[in-house]
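The next block holds one structure in the form of C-alpha cells; read it before the comments.
Protein chains: 2
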Amino acid sequence: MTVPVIVALDAMGGDRAPGSVVHGAAIAMRRLPRTQYLLFGDQARLEPLLRRYKKLRERCQIRHTEERVADDAKPSLALRAGRNSSMRLALDAVAEGKADCVVSAGNTGALMAMARFSLKMFPGIDRPALANVLPTQRGESVMLDLGANIECDAENLVQFALLGEVFARTVLGQRQPSVGLLNVGSEEMKGHDAVRGAATRLRAPGSPINFFGFVEGDDIAAGTVDVLVADGFTGNVALKTAEGTARLMSDFLRAAFRHSLTARIGYLFAAPALKKLSRRLDPRGYNGAVFLGLNGIVVKSHGGADAFGFANAIGVAVDMRNNGFLDLIRDGLQRLKDLAPAPATAG
Amino acid sequence: MTVPVIVALDAMGGDRAPGSVVHGAAIAMRRLPRTQYLLFGDQARLEPLLRRYKKLRERCQIRHTEERVADDAKPSLALRAGRNSSMRLALDAVAEGKADCVVSAGNTGALMAMARFSLKMFPGIDRPALANVLPTQRGESVMLDLGANIECDAENLVQFALLGEVFARTVLGQRQPSVGLLNVGSEEMKGHDAVRGAATRLRAPGSPINFFGFVEGDDIAAGTVDVLVADGFTGNVALKTAEGTARLMSDFLRAAFRHSLTARIGYLFAAPALKKLSRRLDPRGYNGAVFLGLNGIVVKSHGGADAFGFANAIGVAVDMRNNGFLDLIRDGLQRLKDLAPAPATAG
Chain W
153 MTVPVIVALD AMGGDRAPGS VVHGAAIAMR RLPRTQYLLF GDQARLEPLL
203 RRYKKLRERC QIRHTEERVA DDAKPSLALR AGRNSSMRLA LDAVAEGKAD
253 CVVSAGNTGA LMAMARFSLK MFPGIDRPAL ANVLPTQRGE SVMLDLGANI
303 ECDAENLVQF ALLGEVFART VLGQRQPSVG LLNVGSEEMK GHDAVRGAAT
353 RLRAPGSPIN FFGFVEGDDI AAGTVDVLVA DGFTGNVALK TAEGTARLMS
403 DFLRAAFRHS LTARIGYLFA APALKKLSRR LDPRGYNGAV FLGLNGIVVK
453 SHGGADAFGF ANAIGVAVDM RNNGFLDLIR DGLQRLKDLA PAPATAG
Chain L
153 MTVPVIVALD AMGGDRAPGS VVHGAAIAMR RLPRTQYLLF GDQARLEPLL
203 RRYKKLRERC QIRHTEERVA DDAKPSLALR AGRNSSMRLA LDAVAEGKAD
253 CVVSAGNTGA LMAMARFSLK MFPGIDRPAL ANVLPTQRGE SVMLDLGANI
303 ECDAENLVQF ALLGEVFART VLGQRQPSVG LLNVGSEEMK GHDAVRGAAT
353 RLRAPGSPIN FFGFVEGDDI AAGTVDVLVA DGFTGNVALK TAEGTARLMS
403 DFLRAAFRHS LTARIGYLFA APALKKLSRR LDPRGYNGAV FLGLNGIVVK
453 SHGGADAFGF ANAIGVAVDM RNNGFLDLIR DGLQRLKDLA PAPATAG
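Note that the protein sequences, when read in sequence, are chains W and L.
Quick note on the numbering used here: the first sequence kicks off at 153 and runs consecutively.
Quick note on the numbering used here: the second sequence kicks off at 153 and runs consecutively.
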C-alpha cells in the first residue's frame with residue numbers, strides 16, 4: 153500500500169496528555185513511516201510540544217478545540233455536552249472518512265458512548281467488546297469482552313469470537329488463531345445456556361472460526377488458546393484477578409529479596425535476569441485495549457500510559473487498518489450467516 | 153468442651169487414599185487431641201496402615217466397605233449406585249448423628265450430590281456453595297462460590313455472604329469479617345441485577361453482615377475484604393485465573409534464574425528467602441475446600457492432597473464444629489429474616 157494511513161488522536165485524553173500523546177505519536181511515526189496524524193486539542197498547548205518533534209510536525213495537522221472530556225465525566229453527560237471535545241471530534245473525523253482510525257487515552261465510558269454514537273456499530277455486530285492482549289506461557293493471547301457488556305447471550309459471544317479471531321490475525325499476525333470460550337469446565341455440558349449455545353454454533357461445520365472448545369481460568373496464563381471469549385462480567389473479573397495476582401507475587405518476591413543480607417546479595421547477582429523478566433511482563437507492551445465491533449477502528453490506550461504505551465496503542469490501530477480488520481469482519485460475518493440455519497441442528 | 157469430636161473420614165477418596173487419609177488423621181490427631189475418627193473403607197487395606205500409627209488406632213474405628221466412588225463417576229450415577237460406598241457411608245454417619253463432621257478427598261460432584269441427598273440443605277439456605285481460603289497481601293480471605301452454582305440470584309448471593317462470614321469467624325478466627333461482592337466496579341450502579349439486589353439487602357440497617365460493598369478482581373489478591381462473594385461461574389473462573397497467573401509467574405521466575413551463570417549464583421544466595429516465599433504460597437496450607445450450606449459439616453480435600461493437606465482439611469472441619477458453625481448460620485439467617493421487609497425499602 154502506498155496510501156498513507158491517517159490517525160486521528162485525542163490529544164487531550166489521559167493522565168499525561170497532551171505530552172504523552174505528542175511524544176507517543178513521534179515514537180510511532182518512526183516505526184510506521186507511512187502514517188500521518190490529526191491532533192485534536194488545544195493548539196496553544198500542542199504547538200510548543202511539537203517544536204521538539206520536527207518530523208512529526210511535518211506529518212501532522214492540529215484541529216483546534218479547547219474542550220475536553222473530563223476523566224470522571226459520566227458517559228451520558230459527555231455524549232450530550234461533549235460535542236466539541238477533542239475525543240468526539242477525533243471520532244467524527246473517522247466517521248466522516250477524514251481519518252482511518254482513532255486513538256484516545258481518555259475516559260473509557262465516554263469513549264465507548266461517543267464511538268457508538270458517532271461511528272455506529274459494524275453492520276451485523278450487535279454490541280461493542282473491549283479486548284486486550286495478554287502475556288502468556290506460550291506468547292500472547294487476546295481476551296474479550298473485558299467489561300463493555302455485563303450480560304451476553306450466545307449470539308453476542310459468537311460475534312465476540314469472530315471479532316477476537318480477526319484481531320489476532322490482523323494485530324498479532326497469527327495465521328489460524330484458536331478460539332476458546334471461558335467456562336467452568338471443558339466438558340460439553342458445562343456452563344450456562346449462553347456459553348453452550350455459542351459453542352454449538354462455533355463448532356458447526358463450515359464455521360469460519362478455529363474453535364478449540366471450552367477453556368478454564370488457568371488456561372488464560374497458560375496460553376492454551378489465542379483468543380479467549382467471555383461475557384464482560386467474567387472477562388473483567390478474570391483480567392483484574394490476573395493483574396492482582398501478578399502484583400501480589402511481585403510484592404512477595406520483593407519482600408523475599410529484602411528478607412536477609414544473603415537474599416540481598418542474591419538479588420544483586422540475579423538482577424539483570426529479573427529485570428529482563430519484568431520487561432517481559434511490562435504492561436506498556438500490552439497497552440492498547442481496543443473497542444471491537446464498531447464501524448471504524450477505535451483504540452483505547454490506558455489512561456496512565458506514557459509515550460511508549462501510547463505509541464504501542466497507535467501501532468495497534470494502524471495494524472488493524474493495514475491488515476484489513478473491517479473487511480475480514482465483514483467476510484467472517486457472511487460465513488457465519490451462511491452456516492447451517494439453526495444452532496440446534498448445527499450442533 | 154470436653155465431649156470428643158467424631159470425624160467421619162472417606163478413607164478411599166483421593167489420588168493417594170487410603171495412605172494419605174490414615175497418615176493425615178494421625179497428623180491431625182496430634183494437633184487436635186479431642187478428636188476421634190470413623191474410617192470408612194476397606195478393612196484389609198486400612199488395618200496394615202494403622203499398625204504404623206498406634207495412637208490413632210486407639211482413637212479410631214473402621215467401618216468396613218469394599219465399595220468406593222470412582223474419581224470419574226458421574227454424580228447422578230454415584231448417587232444411585234454408590235449407596236454402600238465409603239463416601240456415602242461417611243456422610244450418612246453425620247446424617248444419623250454418629251459423627252460430627254465428614255472429610256473426603258474424593259470425586260467433588262459425587263460428594264456434592266450425595267451430601268445434598270444424605271444431609272439435606274440447612275433450613276433457610278437454598279443452595280450449597282463451595283468455599284476456599286486464599287493467601288492475600290493482608291493475610292487470608294475466603295472466597296465463595298467456586299463453582300457449585302453456575303447461575304445465582306440476589307438471595308443466593310446474600311446467603312453465600314452469610315455462609316462465608318460465619319466460615320471466616322469459625323475457621324479463620326476473624327472477629328468481624330468484612331464481606332465484599334465481586335463486581336466489575338465499585339460504584340453502586342455497577343453490575344447486573346443479582347449483585348445490585350444482594351448489595352441492597354446486605355447494606356440494610358440491622359444486617360448481620362459487615363458489608364464492605366463491591367470489590368473487583370484485583371481486590372482478591374490485595375485482601376481488601378475477608379470474604380469474597382460471587383456466583384459460581386465468576387468465582388470458579390477467578391480462582392483458576394489466580395492459580396494460573398501464580399504458576400505463570402513462578403515459571404517465568406524459574407526461567408529468569410536459569411538465564412545466566414550470575415543469575416544461578418544469585419539464586420543460591422536468595423534460595424532460603426525464596427523457599428520461605430514458596431512455603432507461604434504452599435497450596436497444602438490452603439487445602440480443604442468446604443461445602444457450605446448443608447445441614448452438616450462437609451469438607452472436601454483436594455483430590456491430590458498429601459497427608460499434610462488432608463490433615464489441614466480435618467482441622468477445618470473440626471474448627472467449624474467446635475466454633476459452632478451451624479448455630480451461627482441459624483442465628484444469622486434469623487437476623488436476615490428480621491430485616492426491613494423488602495429490598496426496595498431497605499436500600
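Heads up, the beta-carbon is just placed ideally off N, CA and C, and yes, glycines get one too.
Worksheet item: Relative to the C-alpha of W:G316, which residue among W:A394, W:T187, W:P360 is closest?
Response: W:P360
Discussion item. Taking 9 Å as the threshold (beta carbon to beta carbon), is L:F312 in contact with chain W?
Written reply: no
Worksheet item: Which residues does DSSP pair with L:A251 in a beta bridge?
Response: L:A251 pairs with nothing; no bridge assigned.
Practice prompt. State yes or no: is the beta carbon of W:A283 nearer than 9 Å to at least one beta carbon in chain L?
Written response: no
Discussion item. Measuring alpha carbon to alpha carbon, tell me which residue in L:R279, L:V155, L:N284 is nearest L:I302.
Written reply: L:R279
Worksheet item: Roughly how far, in whole angstroms, is the beta-carbon of L:A373 from the beta-carbon of W:G396, given that I think they are within contact range, below 8 Å?
Response: 4 Å
Worksheet entry | Top-ranked residue by Cα proximity to L:D345, from L:D305, L:A313, L:V174 | L:D305
Worksheet item: With DSSP run on the structure shown, which of helix, strand or coil describes W:N475?
Response: coil
Item to complete: Identify every residue that forms a DSSP beta bridge with W:N284.
Response: W:M295
Item to complete: Measure the CB-CB distance between W:G369 and L:V389 and report whether it falls below 9 Å.
Response: yes
Discussion item. Quick check on W:S453: does DSSP put it in helix, strand or coil?
Written reply: coil
Worksheet item: From L:R321 to L:A425, what distance separates their C-alpha atoms?
Response: 31 Å
Worksheet item: Can you find a C-beta in chain W that's less than 9 Å from the C-beta of L:A498?
Response: Note that L:A498 scores 39 on pLDDT, short of 50, meaning its location in the model is unreliable; the coordinates nonetheless yield the value given after this. No, its Cβ sits nowhere closer than 9 Å to a Cβ of chain W.
Practice prompt. Could you please give the first and the last residue of the uninterrupted beta strand (DSSP E) stretch that includes L:N362?
Written response: 362 to 367
Item to complete: Closer than 9 Å by beta-carbon distance: list the chain B residues that pair up with W:R399, in chain order.
Response: The structure shown contains no chain B; its protein chains are W and L.
Practice prompt. Out of L:F460, L:L488, L:G445, L:I449, point me to the one whose CA is closest to L:A300's CA.
Written response: L:G445
Worksheet entry | Residues that W:I158 bridges to, as DSSP identifies them | W:Q188
Discussion item. I want to verify the contact list: residues of chain L whose CB lies under 8 Å from the CB of W:K452, in sequence order.
Written reply: Those do not exist, as W:K452 stays about 16 Å from chain L at its closest Cβ, beyond 8 Å.
Item to complete: Would you decide whether L:N259 is buried or exposed? Buried here means 16 or more other CB atoms lie within 10 Å of its CB.
Response: buried
Worksheet item: Among W:K207, W:D479, W:G337, which has the Cα closest to the Cα of W:P275?
Response: W:D479
Discussion item. Assuming contact is defined by CB atoms lying nearer than 9 Å, are W:A463 and W:R168 in contact in what I supplied?
Written reply: no
Practice prompt. Determine the chain L residues that contact W:K226 at a beta-carbon separation under 8 Å, and present them in chain order.
Written response: Going along chain L, no residue has its Cβ under 8 Å from W:K226, so there is no contact; the nearest lies around 10 Å.
Worksheet entry | Chain-ordered chain W contacts of L:Y419 [CB-CB under 7 Å] | G418, A422
Practice prompt. Would you tell me roughly how many angstroms separate the C-alpha atoms of L:L296 and L:A351, rounded to the nearest one?
Written response: 16 Å
Worksheet item: According to the Cβ coordinates, are W:L400 and L:Q289 closer than 9 Å?
Response: yes
Discussion item. If contact is defined by three or more beta carbon pairs under 8 Å, each pair taking one atom from either stretch, is the region 155 to 174 of chain L in contact with the region 192 to 210 of chain L?
Written reply: yes
Worksheet item: Would a C-beta distance cut-off of 9 Å place W:S270 and W:R240 closer than the cut-off?
Response: yes
Fill in: Through-space distance from W:R353 to W:A498, alpha-carbon basis
Residue placement at W:A498 is flagged as unreliable, the pLDDT there being 39, under the threshold of 50; the coordinate-derived value follows with that caveat. Rounded to whole angstroms, W:A498 to W:R353 spans 7 Å at the Cα level.
Discussion item. Mapping the DSSP letters down to three states, classify L:Q486 as helix, strand or coil.
Written reply: helix
Fill in: Reference L:L380; option with closest CA among L:R211, L:L198, L:A313, L:G476
L:A313
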